[in-house]
Amino acid sequence: MLPVSLLALGLSFAASASCHLHAPLRNRAIIDQSGLADSYDYIVVGGGSAGLIVASILSDNSSVSVLVLEAGGSGDDVAVRRDTPGDTYYNGLGGTEYDWSFSTAAQTNLGDRILKWSRGKILGGSGATNGMYYTRPNTIEMNAWASLLESQDSAGSAKWGWDNFYSVMKNMETWTQPTDSAASVGDIQYDASVHGTSGPLHSSYPAVEIGLVGNWTQTCSAAGIQTRTDPHSGENWGAFVSTSSINPTNWTRSYSRSAYIDPLPPRSNLAILPGATVTKIVWGSSDSNGLKATGVSWAAASGSTEQTINANKEVILAAGVVGSPHIMLLSGVGPSSVLSSAGIEQKLDLPGVGQNVQDHVGNGITFSTTADTLGSIYASNSTFSESTEFLSLINNAIAYVNLTVLMGSNADTWIQSVKNDYTASTGYLPSNDSTIVSGYEATFKTITETYYPSADPQIELLFSLNAAGTVIIQAALQHPLSRGQITINSTSAFDSPVIDPNYFAHWADRDILRAAFKLCRTIGATEPLSGNLGTESAPGTDVTTDDAWNTWMNANVHTDYHPIGSMSMLPKDQGGVVDTSLKVYGTSNVRVIDASVIPIEMSSHSGSLAFAIGVLGADLIQNPVTATSTATSSAHSSTSTSSSSGSSSGSTGAATLTLPPRAGFAVAAIVAGVMLFL
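The end of the sequence shown is residue 678 by the UniProt record's numbering, with every number in the run present.
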């Protein structure tokens, strides 16, 4: 008997829907080259997590035309693999044509290892290929982001603080609570009032849970980590079972395409062209507001004829943390040294392009188990293992922990040692440009003076169950002090840029992650989880000294796939690339709307942030003056049905955004366990 929870009624009906509700509508906006016009009002470069949202919202206005150019394919030929949550583990798109399959430069501080950097090359971007965790950052981090901008633009900075972001995230979300049985088996707690109820993007829980998940929060509590009722409240520290980007009407992935494109009625003013790699931005003459983009050049493949499409209003880069700086550098905008060494004519000296790269990095402690895991159930080849219900089951147990939990009474002394080392820390930067150093000083102070001494999490713990006979308690660094860069050594858009995340350049990152791995081992030795675990297979119980941990870390840590910062929203004199309206400094009509603008890492998976940046970016284009001050929330808060007490609201009452109604969304209601499609 598998220790799983099944909905009592209605799953067989839901299981019959193997793809999104709006499959017949999918291709209405997707065109081939023959359908291109000569010009569009807005050209969105990149049809990923943010780009498709921007295009959808802008095209709500029938008087403007919008084109999306996406280098990857539509993904329609792999729709089942893409949309089935469990296939992320068992039949994922990593390493296929739908993965950019980037590699880093050799990492000096990791024994010169070259690491893989997987990014989605498909409509929907990495949101179409990722692990589907749906989390939010906390109030401390979002307000710190806003504080970094206050000296430049106090009104604009408020758009990026917690209150505004919270309302955006609620408005874009439709949250569905777990079934009573799933909540019981998985020990899932929640607070309905901090979630949205009528947005395009779905967040929910798998159709089933397994018993090991139910051990998670109890074990973390026994190990000294508090239980968090619902991390979406603005206080995300503690242990919990997370929401996922799952549409519970049919147990499929919810992402930018399924939420904002597939449900749309026919629109003659929206065109999406897959298989189109943008090679550069085309510039006209400068005006009083700066360098003006007249359009973009693109090609279908290396060696193909380049074509130019004109932009009547704006060019919007939404190509991601790697793609956006790559295109900007190829267009002659960036650090003069990088452009000159690549042989590219400089159009605008902007030192921050490609700099300030940060990433979550980690690994985990591996234990054997005889208990059911996702992987063992899948390997059983049982009827249940092939069911829609089981294939909705993905990893979702998390804990975010701060320095006090990690280092105990030594935390204050350790923090002071990091602060004392600031001058030396600037020597770890890949650029010595004075503006880059100034920006690093600002973010360094934010981390060491605001994050470190507070409840703000420095580590994410993940409970990984997707291998048979194996449990991995993973740890990932959340706020690195190391900074990397993305540069180029070629003038071709079809050659990969040079990606150097510069992992562990700062010694503090290694210290924090090493302490986290020790905590993972402690959790594995704590009841009730320890009763279900066998021996530790990696790194092995002989790894006990700091030197031994360091050796293992050098050989084994890897990206957690949450890079940010390469087109940072910071003041220009602090290495910033975009202002609070997402406009590129020194240009009159080019914006960046994706996760590359985040100036400092968050204790959150980056998917929800990219979605929110897309929503907020579109609103800033449509309402440049009143985006924060005049709007009201369209999300409805419901009474908390938490199984334990928690924050009833994450907002302090700031103004919120009004989002346009989305056409064509189906509504699902659950009545006595039966799904009704209305």
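We put the beta carbon where it would ideally sit given N, CA and C, even for glycine.
Of the residues assessed, residue 318 falls on the buried side of the cut-off, its CB having 16 or more other CB atoms within 10 angstroms. Three or more beta-carbon pairs separated by less than 8 Å are not found between the region 183 to 200 and the region 100 to 107, which leaves the two stretches without contact.
In this structure, the straight-line span from the alpha carbon of residue 423 to that of residue 417 is close to 12 Å. Cα atoms of residue 153 and residue 580: separation of roughly 7 Å, rounded to the nearest angstrom. Secondary-structure assignment with DSSP links residue 316 through a beta bridge to 44 and 591.
Residue 80 counts as exposed, since fewer than 16 other beta carbons sit within 10 angstroms of its beta carbon. Distance from the CA atom of residue 330 to the CA atom of residue 307, rounded to whole angstroms, is 16 Å. Counted as a single uninterrupted DSSP element, the beta strand (DSSP E) harbouring residue 470 occupies residues 470 to 477.
Residue pairing of residue 203 in beta bridges, as defined by DSSP: 175.
Here the alpha carbons of residue 69 and residue 295 stand approximately 12 Å from one another.
By the Cβ neighbour-count rule, residue 494 is exposed, with fewer than 16 other Cβ atoms within 10 Å of its own.
Between residue 556 and residue 513, the alpha-carbon positions lie close to 12 Å from each other. Residue 362 and residue 342 have their alpha carbons spaced roughly 33 Å apart.
Assignment of beta-bridge partners to residue 459 by DSSP yields 401 and 477.
By the Cβ rule, the region 217 to 229 does not count as touching the region 133 to 140, because fewer than three pairs are nearer than 8 Å. DSSP, reduced to helix, strand and coil, places residue 253 within a strand of the structure shown. In the pairwise beta carbon analysis, the region 374 to 390 is classified as not touching the region 472 to 492: fewer than three pairs are separated by under 8 Å. Taking C-beta atoms under 8 Å as the contact rule, residue 532 and residue 371 qualify, at a distance of about 4 Å. Within the DSSP bridge table, the entry for residue 243 names 134 as partners. The residue from 118, 525 and 268 with its alpha-carbon nearest to that of residue 471 is 525. Residue 148: member of the alpha helix (DSSP H) spanning 139 to 149, first to last residue. Residue 485: member of the beta strand (DSSP E) spanning 485 to 487, first to last residue.
Taking all protein chains shown into account, residue 88 has 16 or more neighbouring C-beta atoms within 10 Å of its C-beta and is therefore buried. One thing to note: residue 323 has its Cβ no nearer than 9 Å to the Cβ of residue 485. Counted as a single uninterrupted DSSP element, the alpha helix (DSSP H) harbouring residue 617 occupies residues 606 to 622. Residue range 277 to 287 is occupied by the beta strand (DSSP E) that includes residue 284.
For the set 216, 540, 222 and 159, the Cα lying nearest the Cα of residue 186 is the one of 216. The three-state secondary structure of residue 388, taken from DSSP, is coil. In terms of CA proximity to residue 369, 534 leads the group 534, 412 and 265.
In the displayed model, residue 532 falls within a helix according to three-state DSSP.
The beta carbons of residue 519 and residue 406 sit closer together than 9 Å. Runs of the beta strand (DSSP E) lying entirely within the region 44 to 125, each at least 3 residues long, are 66 to 69 in chain order. Taking C-alpha positions only, residue 575 is separated from residue 436 by approximately 5 Å. For residue 517, the enclosing alpha helix (DSSP H) begins and ends at 507 to 524. For residue 127, no alpha helix (DSSP H) run applies, since DSSP gives it neither H nor E. Counting every other CB atom within 10 Å of its CB across the protein chains shown gives residue 163 a total of 16 or more, marking it as buried.
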